[in-house]
Amino acid sequence: MARLSPDTFALTVLLGILTALGPLSTDLYLPSLPAIARYFSATSGQAQITLSAYLIGYAMGLPLYGPLSDRHGRKTILMAGLILYGVANALSSLAPTLDVLIASRWLQGLGAAGPLVIVRAIVRDLHEGRQAAQELARMGSIMGIVPAIAPVLGVALEAGFGWRANFVATSLLAAGLAFWAAAKLPETLAERLLAPLSPKVILGGFAGLVGDRRFLPFGMLAAATYTGLFAFISASSFIYQQQFGVSPLAFAMAFIIMVAGYVCGSYVSQHLAMKLEARRLLLLGAGLQATGGLAMLAAVLAFPGTPWSITLPMVAYSAGVGFSLPQSMAGAMMPFPERAGAVSSLLGIFQMGCAATFGTLVGAFIDRGPLVLAGTIALFGVLALPLQPFLKRKA
């Protein structure tokens with residue numbers, strides 16, 4: 028059976044959906060978090076641990092997949108991650124207790140880390156410079172469609188079949204993607220690393236990257252950008268449904284509005300990537316993130332009981348993410364073609380480690396009101412600006 032060729036829309040769609048597994052694993056069941064808390068007689072903070080557990084598993088898987096794929100090929104390791112992800116979702120759908128659900132969510136994260144890391148390495152295998160940033164932006168546009176649909180689908184699945192149906196759906200999706208990738212995805216790694224893999228080798232490689240000025244500012248920007256977005260993802264279900272008192276469907280609509288901002292930012296970014304320097308696109312993204320975060324903080328202080336005080340500023344922030352995230356990832360990976368897997372892993376560690384830490388903190392204080400969420404998003408929106416002078420890539 029013929030493999031998909033580079034620079035084809037079909038390959039971009041496959042890679043985009045593979046990267047969307049991570050957001051889908053959170054966004055599909057977000058509307059069900061209050062129902063999960065009620066089902067297990069748990070608090071909001073305890074139910075949110077299912078989200079943090081997923082991110083912890085994700086962060087733990089990130090150091091492994093990249094170095095493994097640099098040595099054993101992208102496709103083999105990708106398939107292993109997909110299978111683990113699908114099995115873990117099946118276990119979540121059967122969880123008899125909250126503790127079992129938390130454990131299976133951890134396994135989901137461990138599996139879902141593979142597609143994200145390896146897809147970015149595949150893009151680096153196939154593309155250089157601005158083309159890589161453009162392809163990542165295209166994938167970002169596709170990836171944005173999935174979380175736009177996911178909350179509405181999650182509401183429908185919960186209403187029709189209960190919260191467990193969300194995990195059945197993601198398990199079936201993983202199986203379908205595994206068959207598609209096995210049949211159509213080419214192996215893109217041209218030359219495998221021969222050095223044996225050990226914890227010392229992995230940590231030594233990461234240490235060298237962290238100390239490299241070509242990587243570190245881009246990695247920090249990607250982490251700050253994603254953490255602000257994840258703060259909204261992790262806390263918005265409780266803010267909208269419990270504190271603003273809106274229905275699950277109304278929350279899903281607000282989530283779609285936010286995702287529309289991200290898709291628009293990614294779409295514009297991909298069309299400008301071949302015309303403008305990366306630094307200009309990164310500055311545009313940082314400006315949108317800072318504006319959205321500060322506007323949200325001001326709106327929540329002025330109108331604390333209004334859902335629009337969160338929704339509208341989040342559109343600006345998420346549009347900035349659409350600019351900043353593809354460019355920051357491409358900027359971090361371009362100088363290291365021979366270690367694309369390891370760099371992709373370390374990028375994910377930066378992003379998910381920071382997001383899991385602050386997502387847990389936001390969850391611990393979420394019952395105090397929307398100001399906690401607005402302050403966090405404002406903080407990480409503003410942090411994108413002082414990093415700009417250290418971003419040196421011109422291509």
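To convert a position in the sequence shown, counted from 1, into the numbering used here, add 27. Think of the CB as a built atom: it goes at the ideal place given N, C-alpha and C, for glycine as much as any other residue.
| Check | Outcome |
| --- | --- |
| Rounded separation between F407 and D152 - CA only | 31 Å |
| Supposed close pair S264, L89 - CB separation, criterion 8 Å | Their Cβ separation, rounded to whole angstroms, is 25 Å, which puts S264 and L89 out of contact at 8 Å. |
| Touch test, the segment 348 to 368 against the segment 138 to 152, Cβ-Cβ under 8 Å, three pairs minimum | yes |
| Nearest-angstrom Cα separation, counted from T215 out to I266 | 43 Å |
| Where A122 falls: helix, strand or coil (DSSP) | coil |
| Classification of G246 by the beta-carbon crowding that lies within 10 angstroms, buried from 16 upward | buried |
| Same chain, Cβ closer than 6 Å to A322, neighbours up to 5 away in sequence not counted | P340 |
| As assigned by DSSP and simplified to three states, the class of E218 | coil |
| For E365, the three-state DSSP class (helix, strand or coil) | helix |
| Separation of I404 from Q316, as counted between CA atoms | 9 Å |
| Contact check, S198 vs A117, beta carbons under 7 Å | yes |
| From G349, L398, I260, S120, residue whose alpha carbon lies closest to that of F188 | S120 |
| Inter-stretch contact at 8 Å, needing at least 3 Cβ pairs: the segment 283 to 301 / the segment 335 to 349 | yes |
| Residue range of the unbroken alpha helix (DSSP H) whose run includes G272 | First-last for G272: undefined, no H or E at that position. |
| Contact under 7 Å by Cβ, L55 with G138 | no |
| Residue from S336, L91, M361, P178 with nearest C-alpha to P397 | S336 |
| Contiguous alpha helix (DSSP H) assignments of at least 4 residues, all confined to the segment 38 to 122 | 48 to 54, 60 to 66, 71 to 99, 101 to 120 |
| F350 beta carbon less than 7 Å from that of L311 | yes |
| Three-way DSSP call (helix, strand, coil) for G255 in this model | helix |
| Sub-7 Å separation of S131 and A107 beta-carbons | no |
| Continuous alpha helix (DSSP H) assignments of at least 4 residues falling wholly in the segment 270 to 326 | 275 to 299 |
| Residues of its chain near K421, where Cβ-Cβ distance is below 8 Å and the 5 sequence neighbours each way are ignored | Residue placement at K421 is poorly supported in this model, since its pLDDT is 43, which falls under 50; the coordinates still yield a value, given next. Excluding sequence neighbours, K421 sits near E304, A305, R306. |
| Classification of A86 by the beta-carbon crowding that lies within 10 angstroms, buried from 16 upward | buried |
| At least three beta-carbon pairs within less than 8 Å, the segment 67 to 76 to the segment 39 to 49 | no |
| A196 to F377 span [Cα, whole Å] | 29 Å |
| C-beta atoms of R147 and Q297 nearer than 7 Å | no |
| Inter-residue CB distance, I83 and A391 (contact presumed, cutoff 8 Å) | In fact, because the Cβ distance is near 15 Å, the residues do not count as touching under 8 Å. |
| Spatial neighbours of L236 in its chain, beta-carbon cut-off 6 Å, leaving aside the 5 residues before and after | F242, L373 |
| Own chain partners of A64 with C-beta closer than 8 Å, once the 5 adjacent residues on each side are dropped | T70, S71, Q73, A74 |
| For Y267, the first and last residue of its enclosing alpha helix (DSSP H) | Y267 -> no alpha helix (DSSP H), and no H or E assigned at all. |
| Outcome for E218 when other beta-carbon atoms lying within 10 angstroms are tallied against a minimum of 16 | exposed |
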